[in-house]
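**Student:**
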Amino acid sequence: GEDVEQSLFLSVREGDSSVINCTYTDSSSTYLYWYKQEPGAGLQLLTYIFSNMDMKQDQRLTVLLNKKDKHLSLRIADTQTGDSAIYFCAESSDYKLSFGAGTTVTVRA
Amino acid sequence: SAVISQKPSRDICQRGTSLTIQCQVDSQVTMMFWYRQQPGQSLTLIATANQGSEATYESGFVIDKFPISRPNLTFSTLTVSNLSPEDSSIYLCSAAGQGAKGYTFGSGTRLTVV
């Protein structure tokens, strides 16, 4: 697998926007993903972006991809307490997923 | 996207024993994978479960320790053998169907070895 890096922690106030950043190394990645993991649960696919796109928006979620810098970000608008979780970015290569370490997002009132 | 039922959801096992984890997918999928998530860490791919043939293991994982079966396109098992406390982790299966949305995950099995 290739290296995928993320910041480990993010604290955000309820109602503000959250931005989670990720860098990856495999320039041949076809798709990049964001997954959410709540305590004691498996991984839930939040959104994904094809590598030839710059941006994808899905309700409160906006994904930005800078392929030149191999940088991926996830913006969550109007962050709610239910958004508290660990967020993993992942890249796909040769049908396998490589995951970052996960960013723990804590939403405070 | 496919829905995966994974069981057991958790287990506590004695060292030296084995645990078999099952994943059932509600539709036929091309590929299935097994991951390990050690406490506080990310997911590490153990192997790709191949239908009708031996699994393909990642570096650091061997068949004797992690035997995998995949008898058809909807079912796979992972056995964690000769358990030691270091095997205490969450184990997740994943299925990849067609297209980018195909990667879905089971709810995980939390294994504690005592």
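Top to bottom, those sequences are chains A and B.
The opening residue of the first sequence carries number 1 in the numbering used here; numbering runs sequentially from there.
The opening residue of the second sequence carries number 1001 in the numbering used here; numbering runs sequentially from there.
Heads up, the beta-carbon is just placed ideally off N, CA and C, and yes, glycines get one too.
If you count every other CB in all the chains shown that lies within 10 Å of the CB of Arg1010(B), and 16 or more means buried, which is it?
**Tutor:** As a working mapping, residue 1010(B) is identified with position 10 in the second sequence. Flag for Arg1010(B) reads exposed.
**Student:** Closer than 8 Å between beta carbons: that is the criterion. Which residues of the region 1082 to 1106 of chain B meet it against chain D?
**Tutor:** Of the protein chains in the structure, A and B, none is chain D.
**Student:** Given a cut-off of 8 Å, decide if Tyr1091(B) and Trp1034(B) are closer than it, judged by their beta-carbon atoms.
**Tutor:** Working through the second sequence from its first residue, we reach residue 1034(B) at position 34. Working through the second sequence from its first residue, we reach residue 1091(B) at position 91. Contact: yes.
**Student:** Against chain B, with Cβ distances strictly below 8 Å, would Ile20(A) count as a contact?
**Tutor:** In the first sequence, counting from the first residue as 1, residue 20(A) sits at position 20. Output row for Ile20(A): interface = no.
**Student:** When Cβ atoms are compared, which residues of the region 1011 to 1033 of chain B fall closer than 9 Å to chain A?
**Tutor:** Residues Thr1030, Met1031 and Phe1033.
**Student:** Specify the secondary structure class of Asp1087(B) as computed by DSSP and reduced to three states.
**Tutor:** Here residue 1087(B) is taken as the residue at index 87 of the second sequence, counted from 1. Three-state result, Asp1087(B): helix.
**Student:** For the region 90 to 103 of chain A, which residues have a CB atom closer than 9 Å to at least one CB atom of chain B, in sequence order?
**Tutor:** Those residues of the region 90 to 103 of chain A that come within reach of chain B (Cβ to Cβ, closer than 9 Å) are Ala90, Ser92, Tyr95, Lys96, Leu97, Ser98, Phe99, Gly100, Ala101 and Gly102.
**Student:** Suppose the cutoff is 6 Å on Cβ atoms and the five residues either side in sequence are ignored; what does the same chain contact list for Asp3(A) look like?
**Tutor:** Indexing the first sequence from 1 puts residue 3(A) at position 3. The answer, listed in chain order, is Thr25.
**Student:** Determine contact between the region 1072 to 1089 of chain B and the region 1034 to 1053 of chain B, defined as no fewer than three beta-carbon pairs at a distance below 8 Å.
**Tutor:** Touching, per the Cβ criterion.
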